[in-house]
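Report on one structure; see the data block that follows.
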Amino acid sequence: MSFINYASREINCKIVYYGPGLCGKTTNLQFVYQKTAPDAKGKMISLATETERTLFFDFLPLALGEIRGFKTRFHLYTVPGQVFYDASRKLILKGVDGVVFVADSQEERFDANIESLENLKVNLEEQGYELEKLPFVIQYNKQDLPNCTPIEELRELLNPGGVPEFTACAQTGEGVFETLKAVAKLILLELKKGGAGA
Amino acid sequence: MLGPQQSSFVMYDEEFQRISAVIDKLLRESNAKVIFLVDKNGQLIAGCGETEHLDTTSLASLTAGNIAATGGLAKLIGEKEFSILFHEGEKDNIHISIVAQRVILVVIFDHRSSLGLVRLRVKKASDELATIFEDLSEKATEMEKTGNVDSPFAEITDDDIDNLFS
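Heads up: the sequence lines are chains A and B, in that order. Just so we're aligned, residue 1 is where the first sequence starts under my numbering, counting upward by one. Just so we're aligned, residue 1 is where the second sequence starts under my numbering, counting upward by one.
See below:
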């Protein structure tokens, strides 16, 4: 749910990066953080364990610029990907305006992707959202690795609806901004229609 | 107003002024350092006091995360929510409360105030804030009903959006 503030002439939107454990959600945010001008970003917050696994969420506020005199801000969140952190994942989806699903393209993570996508749908429904009605994009991450499932197969199972999709290597940054741009654009188009979110 | 069925949470000038007046008064009457108001999704609504050295965006997001996590805990033990959280530090303390089950009121204070005083003043301010958010909610419903949703984004073009990323 976007927040339009006429008093400060600002609009705030929330984007959540979802996906199985170790698929590269935090790495996506870290790359965005590194490559954004200092005046356009706030502090990146990571609530992580000692072994740098996300415990609750990562948070990165971005200011993109103005549209029609309104400052446009996006708040980027990641969820903890590990299966047993489901209670935390649900909380982070509250008030979401757009979702990025980061898939791990490696063959051995094929089932984990499907499980995580199902989990996303269930958790969204609990909050009263439908994934099909939300701005949603998919990123096939880790394309640099040798043991990737072919894109066609990934697409068939993860993206039957044909939402915007991107191949990526979040560590080098390939595809990271393309993914972010695409979801931000969908959110703004949704705002234009006057019915962001559910 | 803040349920998922609503597309956007809209803040208008008039209500913003009223909210600012209430939290300014609360700041004075409770001898607090900083006060801010956050929605449950982590968006900063308003703030006052010594905010210049504070990362209010991060504070807002973490506060909402904190409230969401304690809310989850509450549900697990059969409570609806924990409406007040208090964190005590060596110098500064944070008092967090939920106003009208919708927004989060955060008061940061030091030795110049006390927990008792903050609790007392917060209670009164919460009632006033609840009224304002009620009005805001009615306004939003009214706007939606009459179809008079004055979205500043209704007229944006693809070029406007592309320019953001140039």
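We put the beta carbon where it would ideally sit given N, CA and C, even for glycine.
Residues that residue i bridges to, as DSSP identifies them
| i | result |
| --- | --- |
| residue 75 of chain A | A:14 and A:61 |
| residue 111 of chain B | Answer by DSSP bridge pairing: none, since residue 111 of chain B is not bridged. |
| residue 105 of chain B | B:37 and B:97 |
| residue 28 of chain A | Answer is none; residue 28 of chain A lacks a bridge partner. |
| residue 66 of chain A | A:71 |
| residue 101 of chain A | A:18 and A:138 |
| residue 50 of chain A | Partner(s): none; residue 50 of chain A has no beta bridge. |
| residue 88 of chain B | B:93 |
| residue 106 of chain A | A:148 |
| residue 174 of chain A | A:169 |
Residue i vs residue j beta-carbon contact at 9 Å
| i | j | result |
| --- | --- | --- |
| residue 153 of chain B | residue 109 of chain A | no |
| residue 106 of chain A | residue 147 of chain A | yes |
| residue 187 of chain A | residue 74 of chain A | yes |
| residue 72 of chain B | residue 14 of chain A | no |
| residue 12 of chain A | residue 101 of chain B | no |
| residue 32 of chain B | residue 118 of chain B | yes |
| residue 45 of chain B | residue 67 of chain B | no |
| residue 70 of chain A | residue 9 of chain A | yes |
| residue 94 of chain B | residue 86 of chain B | yes |
| residue 98 of chain A | residue 16 of chain A | yes |
| residue 2 of chain A | residue 8 of chain B | yes |
| residue 157 of chain A | residue 113 of chain A | yes |
| residue 178 of chain A | residue 168 of chain A | yes |
| residue 7 of chain A | residue 39 of chain A | no |
| residue 156 of chain B | residue 180 of chain A | no |
| residue 26 of chain A | residue 78 of chain A | yes |
| residue 11 of chain B | residue 28 of chain A | no |
| residue 143 of chain A | residue 174 of chain A | yes |
| residue 77 of chain B | residue 98 of chain B | no |
| residue 30 of chain B | residue 122 of chain B | yes |
| residue 125 of chain B | residue 88 of chain A | no |
| residue 189 of chain A | residue 161 of chain B | yes |
| residue 141 of chain A | residue 170 of chain A | yes |
Simplified DSSP assignment, three categories, for residue i
| i | result |
| --- | --- |
| residue 82 of chain B | coil |
| residue 159 of chain B | helix |
| residue 137 of chain B | helix |
| residue 56 of chain A | strand |
| residue 197 of chain A | Note that residue 197 of chain A scores 39 on pLDDT, short of 50, meaning its location in the model is unreliable and no value can be drawn from it. |
| residue 11 of chain B | strand |
| residue 94 of chain A | coil |
| residue 1 of chain B | For residue 1 of chain B, the predicted model reports a pLDDT of 40, less than 50, meaning its position is unreliable; a value from the coordinates is still stated below. Residue 1 of chain B falls in the coil class under three-state DSSP. |
| residue 118 of chain A | helix |
| residue 2 of chain A | strand |
| residue 45 of chain A | strand |
| residue 82 of chain A | coil |
| residue 9 of chain A | coil |
| residue 36 of chain A | coil |
| residue 112 of chain A | helix |
| residue 154 of chain B | coil |
| residue 77 of chain B | coil |
Handout entry: Validate contact between the region 54 to 70 of chain B and the region 35 to 42 of chain B using beta carbons, cut 8 Å, 3 pairs
Key = yes
Practice task
Give a yes or no on contact between the region 119 to 130 of chain A and the region 100 to 111 of chain B, applying the rule of three or more CB pairs nearer than 8 Å.
Solution key: no
Problem - Meets three-Cβ-pair contact criterion under 8 Å: the region 127 to 142 of chain B and the region 20 to 37 of chain B - result: yes
Problem - Inter-stretch contact at 8 Å, needing at least 3 Cβ pairs: the region 135 to 148 of chain B / the region 46 to 57 of chain A - result: no
Problem - Completely contained alpha helix (DSSP H) runs for the region 17 to 60 of chain B, where each covers 4 or more residues - result: none
Handout entry: Three or more C-beta pairs below 8 Å linking the region 41 to 51 of chain A and the region 96 to 106 of chain A
Key = no
Handout entry: Length-filtered (4 minimum) alpha helix (DSSP H) runs lying within the region 120 to 170 of chain A
Key = 151 to 158
Handout entry: Touch test, the region 12 to 19 of chain B against the region 18 to 26 of chain A, Cβ-Cβ under 8 Å, three pairs minimum
Key = no
Practice task
Count the CB pairs spanning the region 27 to 35 of chain A and the region 113 to 122 of chain A that are closer than 8 Å, and state whether there are at least three.
Solution key: no
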